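Remarks on the structure that follows.
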Amino acid sequence: MQYILQNPGTVLKLTLEHIQISLISVAVSIVIGVVIGIILTRIKILQGPVLGLAGVLYTIPSLALFAMLIPFFGLGLKPTVFALILYSQLAIIRNTVSGIETIDPSIIEVAEGMGMTGWQKLFLVELPLGLPVIMAGVRMVTVMAIGVATIASYISAGGLGDLIFLGMQTVDLNVIFAGALPLIILALGADRILVLLQRKLERWREDLPSTGLVKEG
Amino acid sequence: MIRLENVTKQFGVVKAVDQVNLHITPGEFLVLIGPSGCGKTTTMKMINRLIDPSAGRILIKGKDISAEDPIQLRRQIGYAIQEIGLLPHMTIADNIALVPRLLKWPKKKQRQRVEELLEMVGLDAATFMHKYPRQLSGGQRQRVGVARALAVDPPIMLMDEPFGALDPITREQMQDEFIKLQEQVKKTIVFVTHDMDEALKFADRVAIMNHGKIIQCDSPEMILRRPANKFVRDFVGSDHTLKQLSLIKVKEAMITDIDTLHPDNTIAQAKELFKRGSSNIVVVAKTGEAIGYINREDLNKTPEDRFVSEITVNSISTVASDKTLKDALTVMLKNDAGYIAVSDENRKPVGLITSSRLRQIVSEPRLNSREEQ
Ligand SMILES: Nc1ncnc2c1ncn2[C@@H]1O[C@H](COP(=O)(O)OP(=O)(O)OP(=O)(O)O)[C@@H](O)[C@H]1O
Ligand SMILES: [Mg+2]
Chain A
1 MQYILQNPGT VLKLTLEHIQ ISLISVAVSI VIGVVIGIIL TRIKILQGPV
51 LGLAGVLYTI PSLALFAMLI PFFGLGLKPT VFALILYSQL AIIRNTVSGI
101 ETIDPSIIEV AEGMGMTGWQ KLFLVELPLG LPVIMAGVRM VTVMAIGVAT
151 IASYISAGGL GDLIFLGMQT VDLNVIFAGA LPLIILALGA DRILVLLQRK
201 LERWREDLPS TGLVKEG
Chain B
1001 MIRLENVTKQ FGVVKAVDQV NLHITPGEFL VLIGPSGCGK TTTMKMINRL
1051 IDPSAGRILI KGKDISAEDP IQLRRQIGYA IQEIGLLPHM TIADNIALVP
1101 RLLKWPKKKQ RQRVEELLEM VGLDAATFMH KYPRQLSGGQ RQRVGVARAL
1151 AVDPPIMLMD EPFGALDPIT REQMQDEFIK LQEQVKKTIV FVTHDMDEAL
1201 KFADRVAIMN HGKIIQCDSP EMILRRPANK FVRDFVGSDH TLKQLSLIKV
1251 KEAMITDIDT LHPDNTIAQA KELFKRGSSN IVVVAKTGEA IGYINREDLN
1301 KTPEDRFVSE ITVNSISTVA SDKTLKDALT VMLKNDAGYI AVSDENRKPV
1351 GLITSSRLRQ IVSEPRLNSR EEQ
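Top line first, the protein sequences correspond to chains A and B.
With the working numbering, letter number 145 in the first sequence gets 145, and the count goes up by one each step, no holes.
With the working numbering, letter number 144 in the second sequence gets 1144, and the count goes up by one each step, no holes.
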């Protein structure tokens, strides 16, 4: 606590950096992942290869992936965001596909039978009804991004990882704590906000499925 | 209105629909029936192009639908299915107004239409409009499904076992209401069912299918009286006599030359009626309700200055005139009665149904009662 109280400016700056990294990567991941997911529900033969590739990307250790991206992007924010986007694709794409494909087929049939165009079906039926599953993916990815972004400190992306690694090198628990506490608050807070957002979007449902938070790091 | 010409649909090696020819006239209620997997749903879905035929063509109002935009086509055809398929994230009002919304009706007109339709299917608009589908019972959802199919007042309705998932009591109630509704809206309807009784209740014509082919397409009477082959006979079932009774309304078959007596009429007056050849005498209360009957034996044993009330047998069952003969038979069996009175909506006796009358009807070579209507 001491360090935080003595250097509130530094902690705040690093926290904001951390938020920035996570927010940008999650936002871009959602857009790319949902679009790819929708395409996969239309062209089913692509599902195997694309999900396979996303699965492979997901298994690469984060430090190795950061290192591999340095030749292309250098150090800092860019390779970090890029890596986080790659990591997120599996969860977002897979959840988008299963969110849409697990919709009661009779609902889709009626939507088509009543004369919805493809776009109307997508926006009036598939996305709203697939939302719970898609949101579960988003929550997973958000928590993961906040965690993995810590490691990005190694490639000078900034963020709260700076404090944690500094603390580990100097064996200063105070500094480690100054990084870890905001990090935990950030992860829990982000998840909470997403849950509330989801509730708002899904007032028609009574119960939310409890999504297991996936830890990464 | 709808014409299927040599329509065939092949799924891989399975011929789901095989050389089907059908001509459905405007305002006709056509029921497709047959064992599971015989191609009913496939036939129906080809009409709104959810499935395209492998061969043959389908014409609606003379136009080949394969040349039409399926989206536009579907918006003019009401569609209701067993699973209902209400959108769970939309309120009942939004569900019903779905097609109007796709057609970009003004908001106010959409709302009016929703209220009108809820009323029509017997749901209170104010109560249900803003509810979500999961807050409704199965029967209520089914009503909403029917209302939604009617939303833009389409001339054609396709209904795939719309009452199939309901419990027997709710189903029967929905069927009765649907008959009344159809009398109002007079759509051209293609209706799929598994249930022969349901088919007979609704149909102008029944098309019996098996293995993708139409085996017989005829009026309910003809299906019952002249089954084309053994398959139809077996499919109709051994209780076809009873089924025939369910096709005929009590008021079409009742004996109408009845005479009535009041309890305070004298025996002399009663004897006078018998002398004039009346054989069907019902005793009615001052209020007009049937309360009993008199026997000729009792009549002959009783002095002429006594009153009818003294010899009235106070047990006569009644059946409403808009019920079917099957209902009448049920009442007779339940009360172990040889005859029952038929009452109109004011509960006044307007006729009689006797067991000999029922026997006579079942053995008549042809039934005209329906055509006469
Ligand atoms: N999309 C499809 N792909 C392959 N085969 C199909 C498809 N749809 C239907 N079939 C087959 O076509 C045949 C007719 O199916 P259809 O759904 O029309 O039957 P049905 O008469 O409606 O049966 P049910 O009473 O069980 O609803 C069945 O053998 C079915 O397996
Ligand atoms: Mg079917």
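Using N, Cα and C, we set each Cβ at its ideal position, and we do this for glycine too.
A quick note: this is a predicted structure, and the numbers were derived from the prediction, not measured.
Query raised in the report: Of the choices B/1143, B/1055, B/1199 and B/1074, whose alpha-carbon is the least far from that of residue 1235 of chain B?
Result: The residue labelled residue 1235 of chain B in the question sits at position 235 within the second sequence. It is B/1199 whose Cα lies nearest to the Cα of residue 1235 of chain B.
Query raised in the report: Comparing the C-beta of residue 1227 of chain B with each C-beta of chain A, is any distance below 9 Å?
Result: What you label residue 1227 of chain B is simply residue 227 of the second sequence in a count that begins at 1. Taking Cβ atoms only, chain A never reaches closer than 9 Å to residue 1227 of chain B, which makes this a no.
**Report entry** Min CB distance residue 135 of chain A to chain B below 9 Å
**Finding:** Locating residue 135 of chain A in the first sequence gives position 135, where the first residue counts as 1. Residue 135 of chain A does not count as touching chain B.
Requested in this report: Go through the segment 1044–1132 of chain B residue by residue and report every complete run of the alpha helix (DSSP H) that reaches 4 residues or more, in order.
Outcome: 1070–1075, 1092–1096, 1098–1102, 1107–1120 and 1125–1128
Requested in this report: Just the chain A side, please: which residues come within less than 9 Å of residue 1319 of chain B by C-beta, in chain order?
Outcome: Taking the second sequence and counting its residues from 1, one reaches residue 1319 of chain B at position 319. None at all; the shortest Cβ gap to chain A is about 40 Å.
Requested in this report: Put residue 1167 of chain B into one of helix, strand or coil per three-state DSSP.
Outcome: Within the second sequence, residue 1167 of chain B is the residue found at index 167, counting from 1. Of the three classes helix, strand and coil, the one that applies to residue 1167 of chain B here is coil, per DSSP.
Query raised in the report: How should residue 1133 of chain B be labelled, buried or exposed, when 16 other C-beta atoms within 10 angstroms of its C-beta is the threshold for buried?
Result: Reading the second sequence from its first residue, position 133 is the one you call residue 1133 of chain B. Answer is buried; the Cβ neighbour count reaches 16.
Query raised in the report: Expressed to the nearest angstrom, what Euclidean distance is found between the alpha-carbon atoms of residue 140 of chain A and residue 1012 of chain B?
Result: By one-based count along the first sequence, residue 140 of chain A stands at place 140. By one-based count along the second sequence, residue 1012 of chain B stands at place 12. Roughly 42 Å separates the two Cα atoms.
Query raised in the report: Can you tell me the Cα-Cα spacing of residue 54 of chain A and residue 86 of chain A, whole angstroms?
Result: Taking the first sequence and counting its residues from 1, the one referred to as residue 54 of chain A is at position 54. Taking the first sequence and counting its residues from 1, the one referred to as residue 86 of chain A is at position 86. Going by the C-alpha atoms only, they are around 7 Å apart.
**Report entry** DSSP three-state assignment for residue 1203 of chain B, whether helix, strand or coil
**Finding:** Taking the first residue of the second sequence as 1, we reach residue 1203 of chain B at position 203. Correct three-state label for residue 1203 of chain B: coil.
Report task. For residue 149 of chain A, count neighbouring C-beta atoms within 10 Å of its own C-beta (all shown protein chains included) and say buried if the count is 16 or more, exposed if not. Result -> As a working note, residue 149 of chain A is residue 149 in the first sequence. Residue 149 of chain A should be labelled buried.
Requested in this report: Tell me, please, whether the segment 1162–1173 of chain B touches the segment 1130–1147 of chain B by the rule of three or more beta-carbon pairs shorter than 8 Å.
Outcome: yes
Query raised in the report: Is residue 1015 of chain B near ligand 2, with its Cβ less than 8 Å from a heavy atom?
Result: Translated into the one-based positions of the second sequence, residue 1015 of chain B becomes position 15. No, the beta carbon of residue 1015 of chain B sits no closer than 8 Å to any heavy atom of ligand 2.
Query raised in the report: Roughly how many whole angstroms lie between the Cα atoms of residue 1320 of chain B and residue 1247 of chain B?
Result: Here residue 1320 of chain B refers to the residue found at position 320 when the second sequence is read from its first residue. Here residue 1247 of chain B refers to the residue found at position 247 when the second sequence is read from its first residue. Roughly 15 Å between the two C-alpha positions.
Query raised in the report: Taking the runs of the beta strand (DSSP E) that are 3 residues or longer, which of them lie wholly in the segment 1223–1311 of chain B?
Result: 1259–1261, 1281–1284 and 1290–1293
Query raised in the report: Should residue 1042 of chain B be listed as close to ligand 1, given that the test is whether its C-beta is under 8 Å from any heavy atom?
Result: On the second sequence, position 42 is the one that residue 1042 of chain B refers to. Residue 1042 of chain B Cβ: within cutoff of ligand 1.
Report task. Closer than 9 Å by beta-carbon distance: list the chain A residues that pair up with residue 1192 of chain B, in chain order. Result -> Counted from its first residue, the second sequence places residue 1192 of chain B at position 192. Near residue 1192 of chain B there are no residues of chain A at all, since even the closest Cβ is about 13 Å away, more than 9 Å.
Query raised in the report: Is DSSP giving residue 205 of chain A helix, strand or coil here?
Result: As a first step, residue 205 of chain A is located in the first sequence; it is residue number 205 there, counting from the start. For residue 205 of chain A, the secondary structure class from DSSP, reduced to helix, strand or coil, is coil.
Query raised in the report: Can you tell which of B/1094, B/1163, B/1217 and B/1108 has the C-alpha that lies nearest to the C-alpha of residue 1131 of chain B?
Result: Translated into the one-based positions of the second sequence, residue 1131 of chain B becomes position 131. Checked all of B/1094, B/1163, B/1217 and B/1108; the closest Cα to residue 1131 of chain B is B/1094.
Report task. Whole angstroms is fine: what's the gap from residue 117 of chain A's alpha carbon to residue 1171 of chain B's? Result -> Translated into positions along the first sequence, residue 117 of chain A becomes position 117. Translated into positions along the second sequence, residue 1171 of chain B becomes position 171. One C-alpha to the other measures close to 33 Å.
Query - residue 56 of chain A versus residue 133 of chain A: straight-line alpha-carbon distance, rounded - result: The count along the first sequence starts at 1 and reaches residue 56 of chain A at position 56. The count along the first sequence starts at 1 and reaches residue 133 of chain A at position 133. Near 22 Å, if we compare the C-alpha coordinates of residue 133 of chain A and residue 56 of chain A.
Query raised in the report: Which residues in chain A sit within 7 Å of residue 1074 of chain B, going by Cβ to Cβ distance?
Result: Here residue 1074 of chain B is taken as the residue at index 74 of the second sequence, counted from 1. Per Cβ cutoff of 7 Å: 113, 114 and 115.
Report task. Closer than 8 Å by beta-carbon distance: list the chain B residues that pair up with residue 129 of chain A, in chain order. Result -> In the first sequence, the residue the question calls residue 129 of chain A occupies position 129. Per Cβ cutoff of 8 Å: 1087, 1088 and 1089.
Report task. Can you give me the Cβ contacts of residue 23 of chain A inside the same chain, cut-off strictly under 7 Å, excluding the 5 residues immediately before and after it? Result -> Within the first sequence, numbered from 1, the residue matching residue 23 of chain A stands at position 23. Closer than 7 Å at the Cβ level, and outside the excluded window around residue 23 of chain A, lies no residue.
Requested in this report: Give the residues from the segment 1098–1132 of chain B that approach chain A closer than 8 Å (Cβ to any Cβ), ordered along the chain.
Outcome: Under the 8 Å Cβ criterion, the segment 1098–1132 of chain B contributes 1098, 1099, 1102 and 1132.
**Report entry** Selection of the segment 1023–1053 of chain B by Cβ proximity to chain A, strictly under 9 Å
**Finding:** 1045, 1048 and 1050
Query raised in the report: If residue 1156 of chain B sits next to residue 1078 of chain B, beta carbons under 8 Å apart, how far is it from one beta carbon to the other, in whole angstroms?
Result: Your numbering for residue 1156 of chain B matches position 156 in the second sequence. Your numbering for residue 1078 of chain B matches position 78 in the second sequence. Yes, they are in contact, since the Cβ atoms of residue 1156 of chain B and residue 1078 of chain B sit about 7 Å apart, within 8 Å.
Query - Of the listed residues B/1221, B/1219 and B/1127, nearest to residue 1092 of chain B (C-alpha basis) - result: What you label residue 1092 of chain B is simply residue 92 of the second sequence in a count that begins at 1. It is B/1127 whose Cα lies nearest to the Cα of residue 1092 of chain B.
Query raised in the report: Three or more beta-carbon pairs under 8 Å between the segment 1323–1333 of chain B and the segment 1290–1310 of chain B, yes or no?
Result: no
Query raised in the report: Does at least one heavy atom of ligand 3 sit under 8 Å from the Cβ of residue 1160 of chain B?
Result: Here the bound small molecules are ligand 1 and ligand 2; ligand 3 is not part of this structure.
Requested in this report: Can you tell me which of the three DSSP states residue 1151 of chain B falls into?
Outcome: Walking along the second sequence from the start, residue 1151 of chain B turns up at place 151. In the structure shown, residue 1151 of chain B sits in coil (DSSP, three-state: anything other than H, G, I, E or B).
**Report entry** Limits of the unbroken alpha helix (DSSP H) element including residue 1318 of chain B
**Finding:** Against the second sequence, residue 1318 of chain B aligns to sequence position 318. Not the alpha helix (DSSP H): residue 1318 of chain B falls in the beta strand (DSSP E), residues 1318–1320.
Requested in this report: Please name the residue in B/1007, B/1083, B/1161 and B/1082 whose C-alpha comes closest to that of residue 1066 of chain B.
Outcome: On the second sequence, residue 1066 of chain B is found 66 positions in, with the first residue counted as 1. Cα-wise, what sits closest to residue 1066 of chain B is B/1007.
Requested in this report: Select from B/1020, B/1025 and B/1256 the residue whose C-alpha is nearest the C-alpha of residue 959 of chain B.
Outcome: With chain B covering 1001 to 1373 only, the question about residue 959 of chain B has no answer from this structure.
Query raised in the report: Within the 9 Å Cβ cut-off, does residue 17 of chain A reach chain B?
Result: On the first sequence, residue 17 of chain A is found 17 positions in, with the first residue counted as 1. Cβ-Cβ to chain B under 9 Å: no for residue 17 of chain A.
Query raised in the report: So, are the CB atoms of residue 20 of chain A and residue 63 of chain A less than 9 Å apart?
Result: Position 20 of the first sequence, counted from the start, is the residue given in the question as residue 20 of chain A. Position 63 of the first sequence, counted from the start, is the residue given in the question as residue 63 of chain A. Cβ atoms of residue 20 of chain A and residue 63 of chain A: not closer than 9 Å.
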